[in-house]
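What follows is a set of notes on a single structure, which appears directly below.
In full-length UniProt numbering, the protein residues as written are 1 to 531.
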């Protein structure tokens, strides 16, 4: 038997951010606590979580992170190849490298929402492994480039193949990790792009020295890195489980606990193995203007990532470091970026706060851009490239964690993470902004990048104020009455459909019914959950 919430509760509350719900709340009618998101509360849960998280970290996050290293390498190795004889050997124009980044983004950006929906529909196991194998093969084909037309065709296809990997990986992680630990994993995953820049430079430096009269160093670069990606794609097919509840690397008790904690945390009445999506899932996301603005301001925050991962070797080259040495000197800024990213996302999870940490990372990027744009001292500019890179990677994973954590149902969550992929429009902007005519100092592009970062900082903090004001007005009231199991676990999607306090603290009844499992019994159905 289920009952409606007590008299006085009104409306549809919105899952607001930055000041999250308490993990454990108490009903005014009972003393038994009710969970609104997962957090281990007993020694047994803590023990199982440690074993479970370790396995997931090594096999799921580890695999995805290594795949993202390869994603970054295969996307940006063209910049390292350009420091060799690639442009001349392939009969390319001086602006071909910059144009190739924009061309890549022409398919990479618009296909991201569709690709992550395909991952949900067909399964992350099949989709992610297929993407890895496909773009690895296309990267190998870059070794055959002889003219600009071939370059354009390959970059368009490579963009399409890589488009779904990042949002699909974020989506997969959001389905296996609770919201208050997924931020660190997304940060580690995203930080692999920095590692890709670092190791991409080291690998490029070594492989570009190997060339002979029969095969050029840049051809070896594309063949080696693309071939490695194909092998990882094959491995991913066997490692990624079809469903969390059937994970081959978990014991029976660990599988049961993994499913249970995500049921508590994901706030969804949808079955864990479900893969459906409907038009309501998409329209709900598109109508949420705050999430759209988060994506827009995140675009400004991640623009330096798109710029510097491709053009940093050329910027460093303009500081007086010639040829392949420019690739080698680009390594340490990426390493600094990866280390600082992990520290910031760890702090964000621990503090259960996103936007302030996002703004902090963007502020570091702004400081670095100021010095790089205004100083004529090569050593000072090189030193502050480390400061700039320390912040550029922060916004992306925290925005993804923010959006995923506040979109309880899996259908809308997959779409909003795909929509977040439009932040890669920064690649189109960067490709045109960092044109060859601005070499070697790239002063104007750095100034424009600085202005966009500052706008992004103010935008992120403004959205934070909006969420905080909404949180201040709406305080959730949690009441679930069941005949046999009173006040057990409720899901946030059902909770937010059911009850909220208005600005006067006065409550009115809601038509929503919630059973002890958190299933939404309202006429609106599960597709209407506010996020």
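Ideal placement from N, C-alpha and C gives every residue a C-beta, glycine not left out.
Using only the alpha-carbon positions, how far apart do residue i and residue j sit?
i           : j           : result
residue 224 : residue 44  : 46 Å
residue 173 : residue 88  : 43 Å
residue 156 : residue 301 : 25 Å
residue 315 : residue 373 : 11 Å
residue 331 : residue 408 : 39 Å
residue 456 : residue 205 : 35 Å
residue 91  : residue 105 : 22 Å
residue 272 : residue 280 : With a pLDDT of 46 at residue 272, under the threshold of 50, the modelled position of this residue cannot be trusted, and the question is left open.
residue 477 : residue 110 : Caution is warranted here: a pLDDT of 44 is assigned to residue 477, below 50, making its placement in the model unreliable, and no coordinate value can be reported.
residue 347 : residue 393 : 15 Å
residue 150 : residue 141 : 10 Å
residue 345 : residue 187 : 6 Å
residue 122 : residue 445 : 41 Å
residue 434 : residue 312 : 10 Å
residue 221 : residue 391 : 29 Å
residue 361 : residue 292 : 21 Å
residue 371 : residue 378 : 11 Å
residue 518 : residue 264 : Reliability fails at residue 518, whose pLDDT of 36 lies under 50, so the model's placement of it is uncertain and the value that follows must be treated cautiously. Spanning the two alpha carbons is a distance of roughly 9 Å.
residue 80  : residue 201 : 7 Å
residue 286 : residue 413 : 12 Å
residue 159 : residue 199 : 21 Å
residue 112 : residue 451 : 27 Å
residue 336 : residue 350 : 21 Å
residue 380 : residue 454 : 22 Å
residue 218 : residue 148 : 16 Å
residue 139 : residue 74  : 6 Å
residue 84  : residue 254 : 51 Å
residue 430 : residue 447 : 12 Å
residue 60  : residue 101 : 29 Å
residue 146 : residue 203 : 23 Å
residue 66  : residue 473 : 43 Å
residue 468 : residue 460 : 12 Å
residue 532 : residue 438 : Lying outside 1 to 531, the shown extent of the chain, residue 532 is not represented and no answer is given.
residue 334 : residue 212 : 30 Å
residue 367 : residue 358 : 15 Å
residue 317 : residue 185 : 34 Å
residue 415 : residue 376 : 45 Å
residue 62  : residue 189 : 8 Å
residue 410 : residue 120 : 9 Å
residue 152 : residue 103 : 7 Å
Taking all protein chains shown into account, do 16 or more other C-beta atoms lie within 10 angstroms of the C-beta of residue i, making it buried, or fewer, making it exposed?
i           : result
residue 420 : buried
residue 71  : buried
residue 209 : exposed
residue 78  : buried
residue 339 : exposed
residue 240 : buried
residue 535 : Only positions 1 to 531 of the chain appear in the structure, and residue 535 is not among them; the question remains open.
residue 215 : exposed
residue 365 : buried
residue 397 : buried
residue 289 : exposed
residue 304 : buried
residue 167 : buried
residue 231 : exposed
residue 144 : exposed
residue 76  : buried
residue 465 : exposed
residue 462 : exposed
residue 94  : exposed
residue 68  : buried
residue 278 : exposed
residue 458 : exposed
residue 282 : buried
residue 42  : exposed
Check whether the Cβ of residue i lies closer than 8 Å to any heavy atom of the ligand HEM, and answer yes or no.
i          : result
residue 61 : In the structure on display, the ligand HEM does not appear, and there are no ligands present to speak of.
Roughly how far, in whole angstroms, is the beta-carbon of residue i from the beta-carbon of residue j, given that I think they are within contact range, below 8 Å?
i           : j           : result
residue 182 : residue 404 : 7 Å
residue 299 : residue 107 : Their Cβ separation, rounded to whole angstroms, is 18 Å, which puts residue 299 and residue 107 out of contact at 8 Å.
residue 237 : residue 125 : 7 Å
residue 164 : residue 96  : Contact doesn't hold; Cβ gap of about 26 Å is too wide.
residue 369 : residue 449 : 6 Å
residue 192 : residue 308 : Contact flag wrong, Cβ pair sits at about 15 Å.
residue 169 : residue 234 : In fact, because the Cβ distance is near 17 Å, the residues do not count as touching under 8 Å.
residue 417 : residue 171 : 5 Å
Note to self: So, does the segment 51-62 touch the segment 238-258, judging by three or more C-beta pairs under 8 Å?
What the structure shows: yes
Report task. Decide yes or no for the touch test of the segment 172-192 against the segment 369-389: beta carbon pairs closer than 8 Å, at least 3 of them. Result -> no
Can we say the segment 135-155 touches the segment 223-242, given the rule of at least three CB pairs closer than 8 Å?
yes
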